[in-house]
Structure formats: structure tokens, C-alpha cells
Amino acid sequence: MKFYSTKNKSLQVNLKSAVLQSLPPDNGLYMPLEIPKLSDNFLNNLSSMSFQDIAYEVTRHYLSDDFSGAEIIDIVVAAINFPAPMVTLREGLHVLELWHGPSLAFKDFGARFMATVMGRLVENEREKLTILVATSGDTGGAVAAGFLGVENVEVIILYPKDKVSPLQEKQLTTLGKNITALEIDGTFDDCQKLVKTAFLDKEVNEKYLLSSANSINITRLIPQSFYYFESYKQLEQRDTPVNFCIPSGNFGNLTAGLLAKRMGLPVHRFIAATNANDIVPQYLDSGEYKPRPSTPTISNAMDVGDPSNFRRMEDLYANDWDNMKKDIVGYTYTDQQTKGAVKEVFDKYTYVMDPHGAVGYLAAIEYDQSYPQEQTIILETAHPAKFLPVMNPILGDIDVPERLAILKDKVKVAVELSTSFESFKEWLLFRS
Ligand SMILES: *Cc1c(COP(=O)(O)O)cnc(C)c1O
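Numbering (my numbering), first residue to last: 8 to 439.
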């Protein structure tokens with residue numbers, strides 16, 4: 008499979024280049040040249056397949072030029088090693104729990120898959136691959152856990168001092184091995200600037216073979232289609248239209264759903280749920296895409312003012328607004344409404360939903376008022392215990408899973424640096 012740039016369809020590269028570059032040189036986004044259509048046989052037999060079987064069938068078309076069948080199986084087995092169970096709140100309203108991975112957010116699917124594929128692509132290279140990544144919180148934890156112990160790859164994570172939650176910080180700073188955390192005395196934007204400058208620096212590039220773990224990497228997108236099929240499999244009845252409701256920020260998760268639909272999954276509609284950062288719902292309303300600086304909210308992993316995957320969505324619909332509107336509906340909610348939804352879901356269904364999922368719940372309910380004969384699967388994108396300062400005042404102290412609770416007692420190891428590129432560069436060039 009070749010991958011093309013959304014800015015220029017004749018700029019085409021193989022998987023290895025698409026993965027290691029992340030972004031095409033023309034600043035477009037990579038897309039698969041053909042989206043494989045899965046057989047009816049596959050769709051009819053989903054019930055008899057494991058999650059890993061499904062992942063193999065969905066992904067093998069994208070990887071088969073670069074890996075043998077046995078290697079693709081190995082990749083899937085290594086990357087998709089936690090489940091995506093579905094919970095039914097009431098008839099026609101389901102929740103797909105995507106937080107059973109190591110960092111308790113759906114980003115584990117993309118990060119683990121990317122780490123596994125990248126590790127394979129460089130395992131026979133003489134030079135080690137160094138991933139530089141700036142994080143404002145969630146991405147760093149998933150990337151660190153995904154790459155932990157991957158041979159021939161090291162990860163350097165830059166995070167802003169005092170600006171990630173204490174548990175998020177522990178997720179970045181307690182792993183050791185091939186993961187190094189740099190605590191930057193500045194903002195997320197400063198971290199990102201240091202990473203960008205390093206990519207352009209001659210001496211840094213002479214010492215390191217650099218890559219990024221950017222969320223727009225195609226190997227983070229592909230595995231996010233797997234669980235659309237996996238949840239469809241878990242539906243008890245499929246004779247009413249099936250919608251997916253996706254709490255969205257950069258719209259990678261929703262774009263992966265669009266890929267699943269193109270591959271043949273019978274999705275009726277995608278419900279795009281956003282917080283105050285409602286650039287895409289506004290686009291669906293008006294036909295005008297107007298990015299703007301992001302607004303902070305309590306569902307902060309969705310605080311995105313210029314969603315990077317929007318270009319892929321446009322590409323999939325050949326820039327046809329009317330057609331996109333047939334498949335995707337958008338809704339937006341305030342923090343106050345979101346808190347109300349956390350409480351409502353608990354009161355009605357004794358289910359604890361995180362603030363991102365709660366935005367999805369509101370959208371699913373609003374959609375249902377117009378189309379009550381359909382059914383909707385809400386993607387629950389993170390475990391609620393990742394957001395205790397929001398959750399506990401609403402529901403009282405909620406349960407914290409063991410693998411999050413133990414982080415509290417682990418010792419943080421981080422290198423403290425200023426925002427000056429010279430000091431970052433010196434550290435990169437002269438560290439032992
Ligand atoms: C990243 C994230 C989102 C947004 O996903 P996109 O693919 O960027 O739209 C939603 N919820 C949580 C918990 C996240 O970490």
C-alpha cells in the first residue's frame with residue numbers, strides 16, 4: 008500500500024516513509040491510496056472472531072507490502088493486547104470502553120500500534136531511532152507506555168513543568184528504560200517549539216536519527232478503526248441503524264471511524280461531540296471552516312482550535328460539504344452541561360463516565376430525540392479516574408484502578424531544562 012499527501016495526490020510514499028516522516032514534506036497528511044473493502048463474509052462472521060482476528064483483517068491490507076502475514080500477526084498480537092468491551096446503558100444506547108490499555112485512554116491503541124510498527128521498521132537499521140515528543144498530558148503517557156522496551160528506539164518526552172496533572176506526570180517520569188522525561192520550565196508551546204527546532208538543527212540530526220510520535224501519524228490512525236468493528240460485533244441486534252458518537256478534539260478517532268465505514272462497516276451516522284471548541288460542528292452548520300485559538304475546558308483532551316485531522320475528513324469527502332453532512336452530525340456542550348451529564352449518567356445507570364465521554368453522552372441523547380428508532384455507541388475515550396479534580400466534586404470519591412493508584416508512590420525521574428534551545432541542544436549532544 009502506498010500513502011499519498013492530502014495536498015498532492017501524486018506525492019506517494021511507502022509505509023516506512025509515511026511512518027518515519029509522520030508528515031509529508033508539503034505539510035499535508037498521509038492517506039492510504041486505496042481503502043480496502045472488506046468482504047461480506049468477514050462482516051457476517053464478526054461474531055466468531057477475536058479482537059485480534061478482526062484487527063488482523065482490517066490492517067493486513069495496509070501493511071502487506073512491507074510485512075509478511077506472520078509479521079502482521081505478530082504486530083497485532085503485540086499491539087492489541089487489551090480489550091474494548093461494550094456496556095449497554097439502555098436499549099439503543101451503548102458505551103464502548105476504550106480505556107483498558109496501559110495509560111487508560113484510547114490513545115493507547117494508536118500509540119502501541121505505532122510503537123510496534125516503528126520498532127519493526129527500524130529493527131535492522133544500524134542506527135537507533137530517537138522519538139522526540141512534546142506533550143500537554145495524555146499523549147505522552149500513551150506514547151511512553153507504547154514504546155517502553157521497544158528495541159532500537161528511544162523516546163524523549165518534553166512536558167511543561169507544573170502544567171500536567173500529578174498522575175499524568177508520574178505516567179511520563181517513572182518508566183525508565185528507553186523513556187526519558189524532560190521537564191521544561193515553560194508551556195506546552197515552548198516544548199513543541201524545542202522539538203520543532205531540534206528537527207531542523209544540523210548537529211542534532213548528525214547525532215540522532217529523529218522521528219516524531221505525532222498524533223497525525225498514519226499508524227496511529229489505522230488501529231483506531233479496529234474497535235469500530237469490535238463494538239459492532241458486540242451488538243446484540245443489528246437490524247436498527249447503528250451510529251457512533253465520538254467525543255472529539257483533533258478528530259483522529261472520528262476519522263478512523265470514517266475509514267471503517269469506507270471499509271464496509273454499516274455505520275448509519277457519526278455524531279461528532281465537542282466541548283466549547285466547536286470548530287467542526289460549526290463547519291457542519293455553515294460550510295465554513297474557521298479555526299481559532301483553543302478554549303480551556305474540563306474535557307481538556309478535546310481543547311483543539313484547529314483539528315489536524317479535518318484535512319483528512321475533507322479529503323475523504325472530496326471537499327463536498329453536503330456529502331459530509333449526510334454522514335456526520337455535530338453537537339457542542341458547555342462544561343456546566345458536561346458536569347450535569349456525569350451526574351445524570353450515574354443517577355440513571357450507576358455508570359461512571361469521564362468528562363470526555365459525558366460530552367458524547369449529551370450528543371447521543373440529543374440525537375436520539377430526533378431519531379429514536381436508531382441505536383448509538385458512545386466511545387468512552389478515557390477512564391474517569393484520570394480526572395479526579397473534575398469527577399470527585401460531582402460524584403464523591405470515585406474508585407481509582409490499581410495501575411493508576413500505584414503511580415502515586417513511584418519516584419519521578421526527570422531532567423529539568425529551561426526553554427532555551429541551546430541548553431536543550433547541549434543536553435542532546437553531550438549526554439552520556
Ligand atoms: C485525545 C482525546 C480525545 C480526542 O480525540 P481526537 O482523536 O483527538 O478527536 C478525546 N478524549 C480523550 C480522553 C482523549 O485523550
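All C-beta atoms, glycine included, are put in the ideal place defined by N, C-alpha and C.
Spatial neighbours of residue i in its chain, beta-carbon cut-off 8 angstroms, leaving aside the 5 residues before and after
i      : result
Val211 : Ala205, Leu217, Lys432, Leu435 and Leu436
Met398 : Val349, Val359, Asp361, Pro362, Pro391, Ala392 and Ile405
Asn159 : Gly126, Val129, Glu130, Glu132, Lys135 and Leu136
Leu369 : Ala280, Tyr338, Tyr340, Gln344, Thr345 and Ala348
Ile61  : Leu53, Phe233, Phe236, Glu237 and Lys240
Presumed contact (8 angstroms Cβ cut-off) between residue i and residue j, rounded CB distance
i      : j      : result
Lys184 : Gly156 : 6 angstroms
Arg318 : Leu36  : 5 angstroms
Gln231 : Gly259 : 6 angstroms
Met93  : Ile384 : 7 angstroms
Ile82  : Arg127 : 7 angstroms
Asn284 : Gly312 : 6 angstroms
Thr345 : Ile305 : 6 angstroms
Asp115 : Ser425 : Not a contact, Cβ separation roughly 32 angstroms.
Asn221 : Ser12  : Incorrect: roughly 15 angstroms between the Cβ atoms, too far for contact.
Phe251 : Gly264 : 5 angstroms
Glu387 : Glu104 : 5 angstroms
Ala152 : Pro109 : 4 angstroms
Thr181 : Val418 : 7 angstroms
Ala188 : Val407 : That belief does not hold up - the Cβ atoms of Ala188 and Val407 are roughly 22 angstroms apart, past 8 angstroms.
6 angstroms Cβ shell around residue i - same chain, five flanking residues per side excluded
i      : result
His68  : Pro43
Tyr296 : Tyr290
Asp342 : Thr304 and Ile305
Pro248 : His275 and Glu381
Gly337 : Ala279, Val287, Pro288 and Leu291
Ala365 : Thr345, Ala348 and Val349
Trp328 : Gly294
Lys170 : none
Tyr215 : Thr137
Reduced DSSP secondary structure (H/G/I, E/B, other) of residue i
i      : result
Ser222 : coil
Asn250 : strand
Ala263 : helix
Gly193 : coil
Phe353 : helix
Leu165 : strand
Glu64  : helix
Arg441 : Given that the chain is displayed from residue 8 to residue 439, the structure contains no residue 441 and the question cannot be resolved.
Pro39  : strand
Tyr290 : helix
Met398 : helix
Arg438 : coil
Lys23  : helix
Phe74  : coil
Lys93  : First, the amino acid is wrong: residue 93 is Met here, not Lys. Three-state result, Met93: strand.
Ile229 : helix
Arg245 : coil
Val160 : strand
Lys44  : coil
Leu323 : helix
Asn284 : coil
Leu239 : Residue identity check: residue 239 is Tyr in the sequence provided, not Leu. The answer is helix: DSSP assigns Tyr239 an H, G or I state.
Ser17  : strand
Buried/exposed call for residue i, threshold 16 Cβ in 10 Å
i      : result
Lys268 : buried
Asp145 : buried
Thr142 : buried
Lys177 : buried
Pro254 : buried
Gln382 : buried
Ile186 : buried
Asn316 : buried
Gly403 : exposed
Thr357 : exposed
Ile138 : buried
Gln244 : exposed
Asn34  : exposed
Leu207 : exposed
Asn326 : exposed
Pro173 : exposed
Pro300 : exposed
Contacts around residue i, its chain only, beta-carbon distance under 7 angstroms, and the 5 residues preceding and following it disregarded
i      : result
Pro379 : none
Tyr63  : Ile79, Ile80 and Val83
Val124 : Val26, Ile82 and Thr226
Asp322 : Thr13 and Met38
Test: residue i CB closer than 8 angstroms to a CB of chain D
i      : result
Glu210 : As a matter of chain content, chain D is missing from the structure shown, which is built from one protein chain.
Practice item. Determine, using beta-carbon pairs with one atom in the stretch 234-251 and one in the stretch 45-55, whether at least three such pairs fall under 8 angstroms. Key: yes
Check your understanding: Is the stretch 113-122 touching the stretch 219-227 in the sense that three or more CB pairs, one from each, lie closer than 8 angstroms?
Key -> Counting C-beta pairs closer than 8 angstroms gives three or more between the stretch 219-227 and the stretch 113-122, which meets the contact rule.
Check your understanding: Are the stretch 64-74 and the stretch 12-24 in contact at 8 angstroms, needing three or more beta carbon pairs?
Key -> yes
Review point. Do the stretch 159-172 and the stretch 186-202 meet, that is, are 3 or more Cβ pairs less than 8 angstroms apart?
Key: yes
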